[in-house]
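This report refers to the structure that appears directly beneath it.
Residue numbers (UniProt numbering): 1 to 499.
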């Protein structure tokens, strides 16, 4: 059953990366090989559909409205990226930059063109003073973690190891250490990127493209392909020690549990977070879903009882705990690089995110009950689940809300309904209906008419305001940047901002 839970958790191990827009066409294979090939570095490779490696090069984490590729370019240098973009522009071909392959939004289904596979850009260079590091744009999350860990360093990263590192960062980027240091995007010092015209640009707060700096931190997938970036890094404290305590509850405790999580969110220190799940596991309850609450804390061999006693007092079905290091967290969460959650399978997975100030316990009870109905044994959506991320907000709130394109720094909780089923396009409409209706329960219970939707998890049914902010000036500023840097909407297949 551990494998079942890991598979279910995999519904959420997903992110976006940069993408592009134009009218899709089919181009001759020999043209890209003969024309673009000589412009690429010696280590680069063009993979055509006739190549046995094409399936691996273009495989997706979810098959929901997935992009279609006619060729894949495995780049090795930033100039390879720029040359590929220029070739695509000259031939009116769409291009899509890929690292983790985890984007699952309906707009990706409109794509048909060249995949720019970024894995070859995987360098890590730590500065002499140990305060920053420069990474290649093709790094996966576990590669960033491993490279820094070897030097006694760490930075904010997403909890899922197998995603691209930059994907979540460009959409803001929640992460384990955000309570101490802010979002992933808040760590950026500078970046090198290829814009829609195929030009390599340096972007920073004080550089020649400083206006773009704001948009790249929260909506960056609309403006370019990041080939390298420099971020803040930090010493690993406490020898990297972390601990966690996990509780399993049945339906009767749901309202009380979420009231307690509301209390926890006002008390947890910067080095603590909770990650919770509603899912089905017949070894825990053969007939009904269960609620799992996982509390994780830095620098202790056991989670402080001040934070766990209230959960124990609620009478959980089971309690387990262990300790380890920061590097164990993805495995504890079931999203480590070797888990089922990181496998690419023939499944359709869609996510429906909503950010909340706090939980309405009554709405959570209603959500649990409705989830129970739509995931009954025999339902094609039986492996769906709901994820609750309760990261500490201390570091996030230290950053002025208007200083980046990320709009939702006031939210304390991030909830994501994740539908999952064996791949069958005929079920997509039903999955979208289920996900939207479950999410609506939470919105109705929030007392706010405005749905905050974390863009990295978006399904494609969200409004632009939902993903980029309801303050009118935010979308106005993003559209102005779009008109300047991407007037032909070449980057427009992931939650696209129109010109």
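Every residue gets a Cβ at the ideal spot worked out from N, C-alpha and C, and that includes glycine.
Rounded to whole angstroms, the separation of the alpha carbons of residue 485 and residue 256 is 50 Å.
If only uninterrupted beta strand (DSSP E) runs of at least 3 residues are considered, those enclosed by the region 101–161 are 112–117, 124–126 and 132–136. Distances from the alpha-carbon of residue 369 to those of 302, 288, 295 and 402 put 288 closest. C-alpha of residue 276 to C-alpha of residue 338: approximately 21 Å in a straight line.
With a 10 Å radius around the Cβ and a threshold of 16 neighbouring Cβ atoms, residue 312 comes out exposed. When C-alpha distances from residue 423 are compared across 346, 394 and 329, the shortest belongs to 346. Looking at the DSSP output, residue 164 shares a beta bridge with 140. A straight line joining the alpha-carbon of residue 128 with that of residue 316 spans about 49 Å. Bounds of the beta strand (DSSP E) holding residue 279 are 272–279. Under the Cβ criterion (8 Å, minimum of three pairs), the region 78–95 does not count as touching the region 444–454. A straight line joining the alpha-carbon of residue 340 with that of residue 401 spans about 37 Å.
Restricted to the region 376–455, the beta strand (DSSP E) segments that are unbroken, complete and at least 3 residues in length are 385–391 and 413–422, listed in chain order. For the pair residue 98 and residue 117, the Cα-to-Cα distance works out to about 5 Å. Per DSSP, the continuous beta strand (DSSP E) segment holding residue 355 begins and ends at 347–356.
For residue 373, the three-state secondary structure derived from DSSP is helix. Residue 56 sits exposed, since fewer than 16 C-beta atoms from the chains shown fall within 10 Å of its C-beta. For residue 199, the closest C-alpha among the options 220, 207 and 225 is that of 225. The beta carbon of residue 399 sits closer than 8 Å to those of 182, 183, 186 and 409, all from its chain and outside the five residues before and after it, given in chain order. The C-beta distance from residue 174 to residue 414 rounds to 7 Å, short enough to fall under 8 Å. DSSP places residue 290 in the uninterrupted beta strand (DSSP E) bounded by 290–298. Assignment of residue 221 by DSSP, reduced to helix, strand and coil, places it in the helix class. Where residue 97 is concerned, the enclosing beta strand (DSSP E) starts and stops at 95–98.
Looking at the backbone, the Cα of residue 431 and that of residue 437 are separated by about 10 Å. Contact annotation: residue 329 and residue 296 have beta-carbon atoms nearer than 9 Å. The residues 417, 435, 439 and 459, in chain order, have a CB closer than 6 Å to that of residue 352 in the same chain once the five nearest residues on each side in sequence are set aside. Check the Cα spacing between residue 43 and each of 487, 35, 119 and 104: the tightest is with 119. The C-beta distance from residue 172 to residue 218 rounds to 5 Å, short enough to meet the 8 Å contact threshold. Excluding sequence positions up to five before and after residue 325, its CB lies within less than 7 Å of the CB of 240, 241 and 242, all in the same chain and listed in chain order.
Under the DSSP definition of a beta bridge, residue 465 lacks any partner. Only buried fits residue 143, as 16 or more other CB atoms lie within 10 angstroms of its CB. The alpha-carbon of residue 192 is positioned some 9 Å away from that of residue 204. Between residue 178 and residue 391, the CB-CB gap stays under 9 Å. Contact between residue 100 and residue 140 holds: their C-beta atoms lie close to 6 Å from each other, under 8 Å. The beta carbon of residue 365 sits closer than 7 Å to the beta carbons of 254 and 255 from its chain, once the five residues preceding and following it are set aside; these are given in chain order.
With respect to the 9 Å criterion, residue 153 and residue 234 are classified as neighbours on the basis of their beta carbons.
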